[in-house]
Amino acid sequence: MEGNIAELGKFIGAGLAGIGSGAAAIGVGHVAGNFLAGALRNPSAAASQTATLFIGMAFAEALGIFSFLVALLLMFAV
């Protein structure tokens with residue numbers, strides 16, 4: 001009985017950590033949407049801000065990768 005509860009806890013924790021992947025997708029959408037809104041307001045400044053766009057997307061996506069790693073560790077680590 002005790003092993004089943006530990007197994008259940010692992011999968012619940014992995015599922016909760018997997019929520020971070022969806023949150024990262026929302027974050028990337030916000031970064032891209034705000035860049036697009038700013039680029040439409042001031043098209044001449046958009047070219048100088050593309051590096052900032054990619055850095056923001058990379059940070060947001062890195063959090064999703066970290067949460068995916070935590071989910072895998074919770075599921076398969078002993």
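Just so we're aligned, residue 1 is where the sequence shown starts under UniProt numbering, counting upward by one. Where is the CB? At the ideal position from N, CA and C, for every residue including glycine.
Fill in: Through-space distance from Ala24 to Phe35, alpha-carbon basis
Going by the C-alpha atoms only, they are around 17 angstroms apart.
Worksheet entry | Distance between beta carbons of Met57 and Ala39, contact taken as under 8 angstroms | Going by Cβ atoms, the distance from Ala39 to Met57 rounds to 14 angstroms, so no, they are not a contact pair.
Fill in: Pair within 9 angstroms by beta-carbon distance, residue 163 and Gly64
Given a span of 1 to 78 for the chain in the structure shown, any question on residue 163 remains unanswerable.
Worksheet item: How many whole angstroms separate the CB atoms of Ser67 and Ala17, which I take to be in contact at a CB cut-off of 8 angstroms?
Response: 5 angstroms
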